[in-house]
Structures are given as structure tokens and as C-alpha cells.
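In my numbering, the protein residues as written are 129 to 262.
Note that CB positions come from ideal geometry on N, CA and C, so glycine has one too.
Below is one structure, written out as C-alpha cells; comments come after it.
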Amino acid sequence: AFAGLSKKLGNIKVIGIALVIWVFICFTAYFIKTPTHFYLLAALVGLVMGGIQALSRSTYSKMLPETQDHASYFSFYDVLEKLGIVVGTFLFGFIEGMTSSMRNSALVLMAFFIIGLFLLFMVKPQKSISPLTD
129 AFAGLSKKLG NIKVIGIALV IWVFICFTAY FIKTPTHFYL LAALVGLVMG
179 GIQALSRSTY SKMLPETQDH ASYFSFYDVL EKLGIVVGTF LFGFIEGMTS
229 SMRNSALVLM AFFIIGLFLL FMVKPQKSIS PLTD
């Protein structure tokens, strides 16, 4: 779903759309009451999670300088990704522990996605980032 959109709109715009969907997911998670709603939201998480990871990685690869040493750049990307996982998981648990509510943790995650969306606006797209090439 995201690959087709990125061909039309460009990677940066589609990552922005995915971040908006993540904000919606976190906001909606705060109000979930029934198992059915939970499963519907989980399906949306599954749809967005893979798409944003693939698009983020491909966009990052297009922003790399012309060099033969891409391994060190992707190692840096992977370390930051793992650090984000650790910090996000810690904050989720910390907020839940402090407030006794996972709902509040979802709102904190929403704040991170909003910050990411604003940071994404600072990225100046290059020609190589815009549409995916075959």
C-alpha cells in the first residue's frame, strides 16, 4: 500500500501520512473500550508498521552520500532504531507505572509521533528521494 503511494507522492510525504496515522492510532488507543475495537486498531498498527519501516529505510538510503561504505551508515541507523525501541518501551512502562494507565502511555507515544512529524517537515527532499524508481 505504501509503495504505490510513494511512487505517486514521494517517500517523505508518505512517511508524513504514516506518522499522521500513528498519531490517530495512539489517540484512538486512549479511548478503546471493547476487544473488537482493540483488534481493529491492531490491524491498523500492522498495516502501518511495516510500511513506515520500509519507507524510512529506503528514504535513508537515498539520502546517503555517494560512497562504498554504506555499512557504517546503516549500522548507525540500526543503532538509533534500537535506541528508539529501548527509550520508547521504557517511557511507555514508566508512564504506565506512574499513572497506572496504559492509556496515558499511548498519549506520550502520540507526542513522539507528533515531534517526528514536525522534524520530518525540516527534511528537504532531494530529487532522488521523491518518487521510488523501479
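Rounded to the nearest whole angstrom, the C-alpha separation of Tyr188 and Arg231 is 32 Å. For the pair Leu248 and Gly144, the CB atoms are nearer than the 7 Å cut-off.
DSSP places Ser228 in the coil class of the three-state scheme, outside both helix and strand.
Distance from the CA atom of Leu172 to the CA atom of Ala146, rounded to whole angstroms, is 11 Å.
C-alpha of Ile213 to C-alpha of Leu169: approximately 20 Å in a straight line. Between the alpha carbons of Ala234 and Leu219 lies a gap of roughly 10 Å. Rounded to whole angstroms, the gap between the alpha carbons of Thr162 and Phe155 is 15 Å.
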